[in-house]
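Worksheet: one structure, shown below.
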Amino acid sequence: MKPIIGITPEPKPEPENARTRGRIYLNWNYADAVVQAGGVPVIIPPQADVREVAKFLHGWLIPGGYDIDPKQFGQAPHSANELQDPSRYELESRLFNALDPNVPVLGICYGCQVLNVLRGGDLVQHIPDELGHNGHDSGDFEPIEVEAGTKLAAITGTKTRGRSYHHQAVGQVGKGLKVSATSEDGIIEAIEATDRPWMVAVQWHPERSLEDAESRKLFQEFVEQARRFAAGMVAK
3 MKPIIGITPE PKPEPENART RGRIYLNWNY ADAVVQAGGV PVIIPPQADV
53 REVAKFLHGW LIPGGYDIDP KQFGQAPHSA NELQDPSRYE LESRLFNALD
103 PNVPVLGICY GCQVLNVLRG GDLVQHIPDE LGHNGHDSGD FEPIEVEAGT
153 KLAAITGTKT RGRSYHHQAV GQVGKGLKVS ATSEDGIIEA IEATDRPWMV
203 AVQWHPERSL EDAESRKLFQ EFVEQARRFA AGMVAK
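Whatever position you read off the sequence shown (first residue = 1), add 2 for our numbering.
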């Protein structure tokens with residue numbers, strides 16, 4: 003049986019639009035990545051009953067998105083913020099709490115940040131304020147140092163690379179999380195859970211480089227862990 007992978011998409015409510023009332027968006031390559039790795043992608047809209055959704059998911063992919071409202075981590079908004087519609091954060095918060103903690107979770111970019119905030123951590127709201135530049139928003143491959151002994155290192159080794167498109171990053175790391183990768187200039191590039199079998203989150207966009215073997219391996223491992231969960235086995 004192929005594992006069911008839930009994906010929380012980008013919402014755009016438009017209550018004034020009598021025809022549609024709004025839209026939800028998901029970049030094609032996220033679904034491609036899941037299918038190529040052997041999973042079945044299912045989109046979870048903000049209106050979903052997460053208690054029912056949690057009964058059938060074998061994995062949860064949290065894709066990229068806009069900026070989290072900094073009130074969620076006790077800060078005032080930065081002028082560079084482009085805020086996410088709050089319905090997405092509300093959905094992901096409810097789903098995180100409803101989901102069996104043994105369900106594998108993969109966060110990408112915004113997905114990395116939201117997992118940290120949901121665990122009580124905060125964010126660097128604008129990387130140029132910290133570094134004086136933002137070489138993390140170019141879409142180019144950048145080298146990444148991965149901590150030995152982490153779940154991420156078991157997939158990528160201690161050196162990898164990724165395409166980055168972000169002006170924010172994980173700041174103070176949340177409860178039950180640890181840093182598993184950093185960039186050459188010290189920005190946190192990946193975190194993972196210390197209190198769950200398999201919850202890994204990366205700041206870069208592996209779905210945008212599926213021609214790269216290491217990018218594919220991350221999705222393959224995630225879907226394999228979801229398959230194990232579907233078969234009644236705990237992720238390893």
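By construction, the Cβ of each residue, glycine as well, lies at the ideal position given by its N, Cα and C atoms.
Treat the numbers as computed from the prediction; the structure is a model and nothing was measured.
Residue i, enclosing beta strand (DSSP E) - first and last residue
| i | result |
| --- | --- |
| Y27 | 24 to 27 |
| W62 | 61 to 64 |
| F143 | 143 to 148 |
| S182 | 179 to 185 |
| A203 | 201 to 204 |
| E191 | 190 to 195 |
| L117 | First-last for L117: 112 to 120, but that is the alpha helix (DSSP H), not the beta strand (DSSP E). |
| E12 | 12 to 15 |
| R165 | 161 to 165 |
Pairwise C-alpha distance: residue j and residue i
| i | j | result |
| --- | --- | --- |
| N83 | A228 | 34 Å |
| A39 | V126 | 32 Å |
| F245 | I6 | Given that the chain is displayed from residue 3 to residue 238, the structure contains no residue 245 and the question cannot be resolved. |
| E54 | P47 | 13 Å |
| I26 | H168 | 21 Å |
| L220 | I9 | 16 Å |
| R198 | R163 | 25 Å |
| Q115 | Y68 | 10 Å |
| G176 | L97 | 18 Å |
| A155 | I70 | 28 Å |
| T152 | A56 | 27 Å |
| S211 | N31 | 9 Å |
| Q86 | A237 | 31 Å |
| N104 | G61 | 9 Å |
| R90 | K4 | 27 Å |
| V204 | V37 | 20 Å |
| E144 | E194 | 20 Å |
| Q222 | R21 | 39 Å |
| M201 | L93 | 18 Å |
| P15 | A150 | 43 Å |
| K161 | P11 | 30 Å |
| D142 | E209 | 14 Å |
Selected residue, minimal CA-CA separation from residue i, among the options
| i | options | result |
| --- | --- | --- |
| Q74 | R210, P88, A150, K161 | P88 |
| G188 | I9, I146, V55 | I146 |
| L117 | I157, G66, A150 | G66 |
| G109 | A171, E18, R21 | A171 |
| D124 | E94, P11, P103, A78 | A78 |
| H80 | E94, G113, I129 | I129 |
| Q174 | S95, G76, V202, F143 | G76 |
| V52 | P72, M201, I190, L101 | L101 |
| P43 | E94, V225, A233 | V225 |
Start and end residues, alpha helix (DSSP H) containing residue i
| i | result |
| --- | --- |
| T158 | 153 to 158 |
| E94 | 88 to 100 |
Neighbourhood of residue i by C-beta, 7 Å cutoff - its chain only, sequence neighbours within 5 removed
| i | result |
| --- | --- |
| R121 | G176, K177, G178, L179 |
Any C-beta of chain C under 8 Å from that of residue i
| i | result |
| --- | --- |
| E16 | Considering every chain present, this structure includes no chain C. It has just one protein chain. |
Sequence-distant residues of its chain with Cβ nearer than 6 Å to residue i (five each side left out)
| i | result |
| --- | --- |
| L250 | Residue 250 lies beyond the residue range present for the chain, which begins at 3 and ends at 238; the question has no answer from this structure. |
**Item:** Sufficient close CB pairs (3 or more, under 8 Å) joining the segment 216 to 231 to the segment 174 to 186
**Value:** no
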